[in-house]
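> If you scroll down you'll find the structure; I have some questions about it.
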Amino acid sequence: MLRDDPARRQDTPLHREDPARRQDAPRRQDAPLHREDPARRQDAPRRQDAPLHREDVAVQAEDARRYRTAGPVPGRPGEPVPGPRPPRTPGDAEPWQPSPPPAAYPSPHPAAPAAVLDAPPFEETFAEAFDEPFPESVADPQPQPRGRRRRAGVIALVLAVLAAAGGAAAVLLHGEDAAPVASKRLTQAWRVPAPAPGDELVGSWLTGRLLVRASTRGGLRAYDLAGGREVWHATSRLDPAKWGSVPCAMSPAPTAQGLGTVAFGKDGDSCTWLAGVDAATGRIRWSVPLVDVRHPTAMPAGTFLQGGVATVVNKNFLGGLDVRTGRRVWGFRARGHYCGVHPWGASGIVLVDDYCADTKDRFTLTAYDGRTGRVLWADAQDSQADLAHVFSGAPLIASVHTAAEDSVRVFSPSGRSRKLAVGDTEVLPGNDTAADRSARLVGDVLVAPAQSAQGGEIVGFDTVTGAKLWTHRSAVLATAAAGDDRVHVVSTSGTRQLLALDPRTGRATPVAALPAATGGPALTAGTVYVTPDGMVLELDAQARGGAVRAYR
5 MLRDDPARRQ DTPLHREDPA RRQDAPRRQD APLHREDPAR RQDAPRRQDA PLHREDVAVQ
65 AEDARRYRTA GPVPGRPGEP VPGPRPPRTP GDAEPWQPSP PPAAYPSPHP AAPAAVLDAP
125 PFEETFAEAF DEPFPESVAD PQPQPRGRRR RAGVIALVLA VLAAAGGAAA VLLHGEDAAP
185 VASKRLTQAW RVPAPAPGDE LVGSWLTGRL LVRASTRGGL RAYDLAGGRE VWHATSRLDP
245 AKWGSVPCAM SPAPTAQGLG TVAFGKDGDS CTWLAGVDAA TGRIRWSVPL VDVRHPTAMP
305 AGTFLQGGVA TVVNKNFLGG LDVRTGRRVW GFRARGHYCG VHPWGASGIV LVDDYCADTK
365 DRFTLTAYDG RTGRVLWADA QDSQADLAHV FSGAPLIASV HTAAEDSVRV FSPSGRSRKL
425 AVGDTEVLPG NDTAADRSAR LVGDVLVAPA QSAQGGEIVG FDTVTGAKLW THRSAVLATA
485 AAGDDRVHVV STSGTRQLLA LDPRTGRATP VAALPAATGG PALTAGTVYV TPDGMVLELD
545 AQARGGAVRA YR
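Note that the working numbering has the sequence shown beginning at 5, numbered continuously upward.
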């Protein structure tokens, strides 16, 4: 619960802007823009997909002065003001070959903010962060359903299959007929009905005794695993008409201490504030805004946890917060004054692809430590890279799109990368929805959902050699419970059953037969959990036939 009124704080907002600078500035809906000095543009190539930012010198100086004099954050040592970055060393790699180690900055923190978690630390409430009411958020005119939005922006990956060391590797194919039907049978134990028509899954957590579900029509609610009883429903004192109360992003899981992060807004695609939530009680421990007077348009967001630090990744704000208090741990700072910034994230890492018109290296891809904000590596590039998906943070595995090709790459700690042999398969982070993050590493094998010409499937890749090890068709991948390395899938055609897959060979072992889906079609898009005691939970992305179905 938030304790204060947003209008109470008399402090200076995190970001300030001279209104005169905004009168004739062209506006993009996906990122804030600032007016450029025409003299600076003569030799700077203009890109239509990368908005440019310009920091006013007087505003920069004032922000720096306030940061130095504001004093340390209560409970934390004071932090020095980061100095300017040294120049980058241009990369000398041939396009799309394993690159030499990129130049990394010696500074422990990123250096000068564009649209970010800026100098004054975030406080526990909105009232402590800004000195005036926020403007109304601006949602996308026609937001697409979450389950379809990912597919609209997905890039089909069409690559020549890499040969494994010593020759081409054979790929084992498995399907619904490869395993016999299990003798053990589960029955439906309980079901949670859909909260309203058009409900869309945003994310979920599985704790020792609760299933926490976030959705666009049902809000943030927790259910007892024993019988499906609703245990809590998270609420806030913020005016929902002004701030919104619809979940729009959720950390993949809570911490070991039971704390997680959830973003809210007026719809599932635009986020206006981020909250720290106690998974056991639903209590909102702290909240911070994701819009301000300088960045009034609500944007999609992502949030991830790494130890005690929660990262928020969006085009308005980018940085790390203490998951217990919401106080600022680090904030991203751009390389120059005329930069377009495109961030992505996963647990443990934040990636920024940028274009800066006033720096020597126009395009760079930079990796930051999600816990500290320290630059891990920075790679100067010839053109902009677009990351369609991030599958893992350690090691970093991501699907990368450039003008030259599309690929799924495994990055080393120095920033070198090698390709996985994905062929014509589109590898996905979850089961056909942005709400699911079932793709994961099991040892050195990446196990992930995928789409091919044959339909939905589960695939396994050796991340050391890049070889595709196996394919299992007509199934959805279960999200692993904490500390569980087993790989489970639920078949989507033929006999519905729970199968255990060997991550190295893909060989399927039947675990339990499942009844026909009750009240709706079988799950093909959404999240599946298998609890330590063998219960199967299905969360349909569109709540077809119910929000949750439990089998035991």
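By construction, the Cβ of each residue, glycine as well, lies at the ideal position given by its N, Cα and C atoms.
Model, not experiment: these values are computed from the prediction.
(1) Closest by CA to D489, which one among V297, N320, S442 and L380?
(2) Mind pulling the beta strand (DSSP E) runs of 3 or more residues that sit fully within the region 363-425?
(3) Cα-Cα, which of A260, K246 and F268 is closest to M254?
(4) Suppose contacts are defined by Cβ-Cβ distances below 8 Å. Is G523 in contact with G549 by that definition?
(5) Run the CB neighbour count on P536, radius 10 Å, all protein chains shown included, and call it buried at 16 or more, exposed below.
(6) Excluding five sequence neighbours on each side, which residues of the same chain lie with their C-beta closer than 8 Å to the C-beta of A2?
(7) Which of the three DSSP states is assigned to K319 in this structure?
(8) Buried or exposed: R332, going by 16 or more other Cβ atoms within 10 Å of its Cβ?
(9) Tell me, please, whether the region 296-308 touches the region 225-245 by the rule of three or more beta-carbon pairs shorter than 8 Å.
(10) What are the residues that DSSP puts in a beta bridge with D282?
(11) Compute the Euclidean distance between the alpha carbons of T475 and L205, then round it to the nearest angstrom.
(12) Are the Cβ atoms of L263 and V235 separated by less than 8 Å?
(13) Give me whichever residues DSSP pairs with C360 in a beta bridge.
(14) Just list the residues that DSSP pairs G306 with in beta bridges.
(15) Suppose you measure from the CA of S351 to the CA of Q192; what does that come to, to the nearest Å?
(16) Using CA coordinates, which residue listed in T301, G222 and G419 is at the minimum distance from L400?
(17) Using 8 Å as the cut-off, can you tell me whether the region 297-317 makes contact with the region 274-283, which would need three or more C-beta pairs spanning the two stretches below that distance?
(18) Which one of A200, D203, G470 and D362 has the shortest CA to CA distance from K423?
(19) Could you compute how far the alpha carbon of G530 sits from the alpha carbon of D440?
(20) Measure the beta-carbon distance from G313 to L325 and round it to whole angstroms, keeping in mind my assumption that it falls under 8 Å.
(21) Using three-state DSSP, classify A108 as helix, strand or coil.
(22) Could you tell me the boundaries of the beta strand (DSSP E) in which A238 lies?
(23) Would you mind working out which of T220, A260, G335 and D228 sits nearest S249, comparing C-alpha positions?
With the given structure in hand:
(1) Position 485 of the sequence shown, counting from 1, holds the residue named residue 489. Minimum Cα distance to D489 is reached at S442.
(2) 367-373, 379-385, 390-397, 400-405, 410-415 and 421-423
(3) In the sequence shown, the residue the question calls residue 254 occupies position 250. With distances taken between Cα atoms, M254 lies closest to F268.
(4) Start at 1 with the first residue of the sequence shown, and residue 523 comes out as number 519. Start at 1 with the first residue of the sequence shown, and residue 549 comes out as number 545. Yes, the Cβ-Cβ distance between G523 and G549 is below 8 Å.
(5) Residue 536 sits at position 532 when you count from the first residue of the sequence shown. The residue is exposed, with fewer than 16 neighbouring Cβ atoms inside 10 Å.
(6) Any property of residue 2 remains undetermined from this structure, which presents the chain solely from 5 to 556.
(7) Translated into positions along the sequence shown, residue 319 becomes position 315. DSSP places K319 in coil when its eight states are reduced to three.
(8) Within the sequence shown, numbered from 1, the residue matching residue 332 stands at position 328. Buried is the call here.
(9) no
(10) On the sequence shown, position 278 is the one that residue 282 refers to. DSSP, once it has assigned bridges, lists L263 as partnering D282.
(11) Here residue 475 corresponds to residue number 471 of the sequence shown, with the count starting at 1. Here residue 205 corresponds to residue number 201 of the sequence shown, with the count starting at 1. If you take the alpha carbons of T475 and L205, they lie about 27 Å apart.
(12) Counted from its first residue, the sequence shown places residue 263 at position 259. Counted from its first residue, the sequence shown places residue 235 at position 231. The answer is no: Cβ separation not under 8 Å.
(13) Within the sequence shown, the letter at position 356 stands for residue 360. Partner(s): C343.
(14) For the purposes of this step, residue 306 is identified with residue 302 of the sequence shown, where counting begins at 1. Beta-bridge pairing links G306 to V317.
(15) For this step, residue 351 is matched to residue 347 along the sequence shown. For this step, residue 192 is matched to residue 188 along the sequence shown. Cα-Cα distance, rounded: 33 Å.
(16) On the sequence shown, position 396 is the one that residue 400 refers to. Ranking T301, G222 and G419 by Cα distance to L400 puts G419 first.
(17) yes
(18) Start at 1 with the first residue of the sequence shown, and residue 423 comes out as number 419. For the residues A200, D203, G470 and D362, the minimum Cα distance to K423 belongs to G470.
(19) Position 526 of the sequence shown, counted from the first residue, corresponds to residue 530. Position 436 of the sequence shown, counted from the first residue, corresponds to residue 440. Going from the Cα of G530 to the Cα of D440 covers about 6 Å.
(20) Counting from one through the sequence shown, the residue named residue 313 turns up at place 309. Counting from one through the sequence shown, the residue named residue 325 turns up at place 321. Per the sequence presented here, residue 313 reads as Val, with Gly not at that position. With a Cβ gap of about 7 Å, V313 and L325 count as contacting.
(21) Position 104 of the sequence shown, counted from the start, is the residue given in the question as residue 108. Note on A108: pLDDT 38, under 50, position unreliable in the model; no value is reported.
(22) In the sequence shown, residue 238 corresponds to position 234, counting from 1. Here A238 belongs to no beta strand (DSSP E), and DSSP marks it neither H nor E.
(23) Your numbering for residue 249 matches position 245 in the sequence shown. The candidate whose alpha carbon is nearest that of S249 is T220.
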